[in-house]
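Quick notes on the structure that follows.
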Amino acid sequence: MNKSLAVQTKKLTKVFPGNEAVKNCNMNVERGTIYGLLGPNGAGKTTLFKIISGLLTPTMGNAQVLGKDIVSERDIILSKIGTIIETPIFYEHLSAAGNLGIHLAYMKKKPGDIDAVLSKVGLSNTGVQPVSKFSLGMRQRLAIARAIIHKPELLILDEPINGLDPMGIREMRDFFIALVKEQNMTLLISSHILMEIEHIADTIGIIKDGTIVREVSMAELKSESPSGLEDYFMDIMTGRKENENTI
Numbered sequence: 001m002n003k004s005l006a007v008q009t010k011k012l013t014k015v016f017p018g019n020e021a022v023k024n025c026n027m028n029v030e031r032g033t034i035y036g037l038l039g040p041n042g043a044g045k046t047t048l049f050k051i052i053s054g055l056l057t058p059t060m061g062n063a064q065v066l067g068k069d070i071v072s073e074r075d076i077i078l079s080k081i082g083t084i085i086e087t088p089i090f091y092e093h094l095s096a097a098g099n100l101g102i103h104l105a106y107m108k109k110k111p112g113d114i115d116a117v118l119s120k121v122g123l124s125n126t127g128v129q130p131v132s133k134f135s136l137g138m139r140q141r142l143a144i145a146r147a148i149i150h151k152p153e154l155l156i157l158d159e160p161i162n163g164l165d166p167m168g169i170r171e172m173r174d175f176f177i178a179l180v181k182e183q184n185m186t187l188l189i190s191s192h193i194l195m196e197i198e199h200i201a202d203t204i205g206i207i208k209d210g211t212i213v214r215e216v217s218m219a220e221l222k223s224e225s226p227s228g229l230e231d232y233f234m235d236i237m238t239g240r241k242e243n244e245n246t247i
C-alpha cells in the first residue's frame, strides 16, 4: 500500500443474496485530506463505508486502512478510526458526557477532555440532560463528538449533517476543516448535500451501481466543470460525461 494513503481498496466486492452491493471498487484516499463520496441512494456508499470500518467482511478484493488489512488487522484499525454510519445509538438515560465516558472506556482510552469536545460540537450546555431529551440535531452533534473523542487518525462519516439546521451545518463544515488541518486527520465523508461537499472536499469519489466510476481532485473538477460539482455529478450520473470522453 502507498504510505501516503489512508484508505486504498482494490477490486473490492460485497455480495448479498440477490444483490452485488459493491463491485470491483477501487478507492484511494490521501492522508490528511477530505474525501467526499457521492452517489445516489442504493449506490453502495454505506456498504463501502461499513467494509472500510470493519463492520462487514468483503466477498472479494482488498481494503487497506491506515496501512493495515481490514480483515486480518481489524482490531488495530478499529482503535484508530472514528465513525458515524447509519443512525447512531446511545444510552438514552445518560447525559452526553456519560455516553462519551462509556465510549472512551470501551475503546480502552484514557478519559479525554470530554467537556472540550462537547464544547466544540455545540453541546457544552447540556449538563445532566439525558440523551432521550435531545433533538435530532443534538443527537447528530453527539455522534460527531463520540466519533472524535478518542482522536482517531481516520474519520468516516456517512451523512453526518442530517438533522442539523443551516447554522449547524456551517459550524460542522468549519469544524471538519479545522480537524483535518490541526490534527492531521483524514476525513472520508458522504452527503446528499452536494454544496457542502464542494465546500470542504479535496477529492471527490462518485459511486454508481456499486462501483467508483470517477475519482477526481476538486482542482481537476473545477477545470473540467467550471459550473461546479452539481453539474459534474449529474453529467456522470446521466452518462453525459462518458459520452463526451468518447467523442
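Start counting the sequence shown at 1; every next residue gets the next number (UniProt numbering). Glycine residues also receive a C-beta, built at the ideal position from the N, C-alpha and C atoms. None of these values were measured; they are calculated from a predicted model.
Reduced DSSP category for residue i - H, G, I as helix; E, B as strand; rest coil
i: E159; result: coil
i: A43; result: coil
i: E86; result: coil
i: M172; result: helix
i: V29; result: strand
i: S79; result: coil
i: Q183; result: helix
i: K109; result: coil
i: E196; result: helix
i: T57; result: coil
i: V65; result: strand
i: L229; result: helix
i: L164; result: coil
i: K126; result: The sequence shown places Thr at residue 126, rather than the Lys named in the question. Note: T126 maps to coil in three-state DSSP.
i: S119; result: helix
i: L104; result: helix
i: T246; result: Any reading at T246 must be qualified, since the residue scores a pLDDT of 34, below 50, and its modelled position is unreliable; the value itself is stated next. Three-state DSSP puts T246 in a helix.
i: I149; result: coil
Beta carbon of residue i nearer than 8 Å to that of residue j
i: L12; j: G42; result: no
i: G44; j: I204; result: no
i: residue 249; j: I148; result: Residue coverage of the chain in this structure runs from 1 to 247, which leaves residue 249 outside it and unanswerable.
i: I156; j: T83; result: yes
i: L154; j: I81; result: yes
i: H199; j: R240; result: no
i: residue 257; j: N125; result: Examination of residue 257 is not possible in this model, given that the chain is present from 1 through 247 alone.
Cβ-heavy atom distance, residue i to the ligand SAM, below 7 Å
i: V22; result: The ligand SAM is absent from the structure shown, which contains no ligand whatsoever.
Of the residues the options, the one placed nearest residue i, counting alpha carbons only
i: T47; options: K151, F233, T238, G210; result: G210
i: A105; options: L142, R146, N125, E92; result: R146
i: Q183; options: P152, P160, A201, E198; result: P152
i: R31; options: Y232, L221, D202; result: D202
i: E86; options: M107, L118, K181, A143; result: A143
i: D115; options: M107, G101, K108; result: G101
i: I193; options: A219, M185, L221, P160; result: P160
i: M195; options: K181, A219, L229, V213; result: L229
i: I51; options: K109, L78, L38; result: L78
i: M27; options: Q140, V213, G39; result: V213
i: V117; options: G39, S53, F175; result: F175
Per DSSP, the bridge partner or partners of residue i
i: G205; result: L37, E215
i: residue 249; result: The first residue shown for the chain is 1 and the last is 247, placing residue 249 beyond what the model contains.
i: S73; result: It is worth fixing the name first, because residue 73 is Glu in this sequence and not Ser. None, per the DSSP bridge assignment.
i: Q8; result: N28, Q64
Meets three-Cβ-pair contact criterion under 8 Å: the segment 12 to 32 and the segment 162 to 169: no
Touching by the beta-carbon criterion (3+ pairs, under 8 Å), the segment 222 to 242 and the segment 74 to 84: no
Meets three-Cβ-pair contact criterion under 8 Å: the segment 188 to 207 and the segment 22 to 30: yes
Contact between the segment 124 to 142 and the segment 90 to 100 (3+ Cβ pairs under 8 Å): yes
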